[in-house]
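Engineer: Sequence lines, in order, name chains B and X.
Each residue of the first sequence is one higher than the one before, counting from 20 in the working numbering.
Each residue of the second sequence is one higher than the one before, counting from 14 in the working numbering.
Ideal Cβ placement from N, Cα and C applies to all residues, glycine included.
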Amino acid sequence: MPSSEQDKEVKAANELVIESLRAGFGPLTTRLNWEIEPAPVYSPHVRTVDGSIAEAAE
Amino acid sequence: MIREQAARLRAGSTSCVELTEQALEALKRDQLNAVITLMEDRALEAAVERDKELARGMDRGLFHGIPLAHKDLFYTRGVRTTAGSIPYRDFVPSYNATVIDKLEVAGAITIAKLNLHELAYGITSKNPHHGFVRNPHDPERIPGGSSGGSAALVAQHAIPMSLGTDTGGSIRIPASYCGVVGLKPTYGRVSRRGVLPLAAGLDHVGPIAASVEDCALAMNVIAGPDPKDESSAKIPAPEFNLPPLKSLAGIRIGLPSNFFFEQVQNEIGEAVRKAAREAERLGAEVEEVQVPEFQEVNLAARVMQLAEVAALYANHRDSSQFGQDVWALLEQGRMIAGHEYVNAQRLRTVFRREMDALWAKVDLLFTPTTPITAPRMDESTVDINGQPEDARMASTRLVRGLNFVGDPGFSIPCGRTAQGLPIGLQMISPPFTEPQLLQVARTLEPYLFTPAAG
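#1: Residues of chain X with CB under 9 Å from E28 (chain B), in chain order?
#2: Near S245 (chain X), which residues of its chain fall below 7 Å by C-beta distance, leaving aside the five closest residues on each side in sequence?
#3: Could you please tell me which residues of the segment 21 to 35 of chain X, in chain order, have their CB closer than 9 Å to any CB of chain B?
#4: Scan the segment 299 to 340 of chain X and note each continuous alpha helix (DSSP H) run of 4 residues or more that stays entirely inside, going in chain order.
#5: Would the segment 66 to 78 of chain X and the segment 25 to 35 of chain X be scored as touching if the rule is three or more Cβ pairs under 8 Å?
#6: Could you list which residues in chain B have their beta carbon closer than 7 Å to that of N356 (chain X), in chain order?
#7: Kindly list the residues whose CB is nearer than 6 Å to the CB of A164 (chain X), restricted to its own chain and excluding five residues on each side of it in sequence; keep chain order.
#8: With distance defined between alpha-carbon atoms, name the residue in X:H217, X:Q337, X:A320 and X:S175 nearest to G182 (chain X).
#9: Along chain B, which residues have their Cβ under 9 Å away from the Cβ of Q345 (chain X)?
#10: Mind checking whether R361 (chain X) and F445 (chain X) have CB atoms under 8 Å apart?
#11: I'd like the span of the alpha helix (DSSP H) that includes V412 (chain X), first residue to last.
#12: Can you look up H352 (chain X) in the DSSP assignment and give me helix, strand or coil?
#13: Taking 8 Å as the limit between beta carbons, can you name the residues of its chain near E77 (chain B), skipping five residues before and five after?
#14: With DSSP as the reference, identify every bridge partner of D403 (chain X), one or two as the case may be.
#15: Check whether chain B comes within 8 Å of A313 (chain X), counting only Cβ atoms and requiring the distance to be less than that.
#16: In this structure, does DSSP put R294 (chain X) in helix, strand or coil?
#17: Would you mind sorting Q303 (chain X) into buried or exposed? The rule is 16 or more other CB atoms within 10 Å of its CB.
#18: For I55 (chain B) and Y354 (chain X), I'd like the C-alpha separation in whole angstroms.
#19: Just to confirm the assignment: which complete alpha helix (DSSP H) runs, minimum length 4, are found wholly within the segment 231 to 284 of chain X?
#20: Taking T362 (chain X) as the query, report the chain B residues whose CB atoms sit under 7 Å from its CB, ordered along the chain.
#21: Do you know whose CA, among X:S408, X:P249 and X:A229, lies nearest L451 (chain X)'s CA?
#22: So the candidates are X:A431, X:P448 and X:Y101; which of them puts its Cα closest to the Cα of F423 (chain X)?
#23: Scan the segment 305 to 330 of chain X for residues whose Cβ lies nearer than 7 Å to a Cβ of chain B and list them as they occur along the chain.
#24: Tell me the DSSP secondary structure of A168 (chain X) in three-state form.
#25: Check the Cβ of E300 (chain X) against every Cβ in chain B and list those closer than 8 Å, keeping chain order.
#26: Given this structure, state the Cα-to-Cα distance separating A75 (chain B) from P59 (chain B), to the nearest angstrom.
#27: Please work out which residues of its chain come closer than 8 Å, Cβ to Cβ, to N271 (chain X), disregarding the five sequence neighbours upstream and downstream, and give them in chain order.
#28: Would you give the residue range spanned by the beta strand (DSSP E) that G43 (chain B) belongs to?
Next up, the structure:
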């Protein structure tokens, strides 16, 4: 099989994987509430992942 | 095994040099493709020094003079660290990973860098650049991955412990398939400085070992805050090697009524339930519990992993530098949209809260580590009670979610199938409760079947 054909097949297979992932993942986001689960905030002053975001907000 | 070697050293029945030479010989005879780089000269020099120290009364503790080898993802000063890949094939770090430093300060001797799934991005350890790692129970089967070389050599008793990493099950899957123990600690419990990242939000460092005690002893050395790792938790490390309990009275063990026992090979489900019955016989309260929908946790974890790894390798656009499977995952990661990654992060809070609610009801969960035993090298699809499933998806299905919520997960052998393949029990506990988890495991360990290999 020519490589361009092969590339197309691989690309199509990858797209199928992501479509299937999105089909499951998309509906989960309806459970999100911005007041409870805000987008993660990264600040140059926040040095750790655990608990520091809350500290920065205060 | 570590305590036994340490006792022989103190009794004068062996020396650090002799132990190191024996371990090096075992690795030279390796038929499992588990070794990438032997560090013979450096290891023997260190062994001579450790012997001199013992002779003059300087004892660094249980790891003094114990030869160890680790996944080739950990920086070793002056020794190449390949990640089993082409992009890093000539990479020579100028410093040691914090965990390597800690083990060497404790007296351990690093003797080799071990084979793994390319870039730690996969579970087969079929490495296209350094050869396929083989399972010591059946060389026609995979050892699991990505820490495949580590688990294979520990199972063969060539080394008592090996450091691995776990981003979606890469410590627990090979521990399960090779019949050894493996701990993915709480996120942040062990420093990741000097460890080549895969997905920074999901990466964990932990031990793969021959026994629960060896695992706990390793945690005593490697755990704790690292001022040079901004993501390490600021919680001081406790004693991890607690003695076995006389009884498990007062311990509440949950057996998930959803997700974890669905689509599991019958022999595996039965072995895990049998382990729970043993715990009950020792006094534990065992009850069925509803757990968060880990199918959903897995979806969010996959979004996060695909995006984070694609970000790390954003400037690598030459497919000839990667194995086909790894390249496909990198391409898939580039398709994840920014809003999907952010929402996966937000969902982390949702599932974290659900786990906290669960921990108000039970102290531990018992689940299978993997729904299948080690697949054959050529098996991309596995059969689970008549249902086909992709072997990679099946292997990660019961372990990946813990990387997302961050709770500790420990795999311990609990039997074997009629074919003689090891079965892994996964014990899960609340964040930062590894000492209690390991204590229950150590109490239960004599009552669980431990498969021999090699």
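Structural biologist: So, from the data block:
#1: Neighbours of E28 (chain B) in chain X, taken as residues at a C-beta separation under 9 Å, are lacking, since the least C-beta distance is about 11 Å.
#2: G201, S204, P238 and D239.
#3: The segment 21 to 35 of chain X vs chain B, Cβ under 9 Å: nothing.
#4: As far as the segment 299 to 340 of chain X is concerned, its whole alpha helix (DSSP H) runs of at least 4 residues are 307 to 325.
#5: A contact exists between the segment 66 to 78 of chain X and the segment 25 to 35 of chain X.
#6: Those within 7 Å of N356 (chain X) in chain B are T48 and L51.
#7: Closer than 6 Å at Cβ, skipping near neighbours: P156, P187, A188, C191, V193 and I221.
#8: The option with the nearest alpha carbon to G182 (chain X) is X:H217.
#9: Taking a Cβ-Cβ threshold of 9 Å, the residues of chain B close to Q345 (chain X) are N33, E34, V36, I37 and L40, in chain order.
#10: Contact flag unset, no.
#11: No alpha helix (DSSP H) holds V412 (chain X); DSSP gives it neither H nor E.
#12: Correct three-state label for H352 (chain X): helix.
#13: Any reading at E77 (chain B) needs caution, since the residue's pLDDT is 32, under 50, leaving its predicted position unreliable; the model's value is listed next. Same-chain partners within the cutoff: there are none.
#14: Note: D403 (chain X) sits in a beta bridge opposite X:T394.
#15: Among the CB atoms of chain B, one or more fall inside 8 Å of the CB of A313 (chain X).
#16: Three-state DSSP puts R294 (chain X) in a helix.
#17: With a threshold of 16 other beta carbon atoms within 10 Å, Q303 (chain X) falls short and is exposed.
#18: Each residue's alpha carbon lies about 18 Å from the other.
#19: The segment 231 to 284 of chain X contains no whole alpha helix (DSSP H) run of 4 or more residues.
#20: Here the neighbours are E56.
#21: When each option's Cα is compared against that of L451 (chain X), the closest is X:A229.
#22: The shortest CA-to-CA distance from F423 (chain X) to any of X:A431, X:P448 and X:Y101 is the one to X:P448.
#23: Residues of the segment 305 to 330 of chain X with a C-beta atom less than 7 Å from some C-beta of chain B are E309, L312, A313, R315 and V316, listed in chain order.
#24: Secondary structure at A168 (chain X): helix, using DSSP grouped into helix, strand and coil.
#25: Taking the beta carbon of E300 (chain X) as reference, no residue of chain B falls within 8 Å; the closest one sits roughly 27 Å away.
#26: The predicted model places A75 (chain B) with a pLDDT of 37, which falls under 50 and marks its position as unreliable; any figure quoted below should be read in that light. Their backbone Cα atoms lie some 12 Å apart in a straight line.
#27: Here the set comprises Q303, V304 and E306.
#28: Element bounds for G43 (chain B): not the beta strand (DSSP E) but the alpha helix (DSSP H), S22 to F44.
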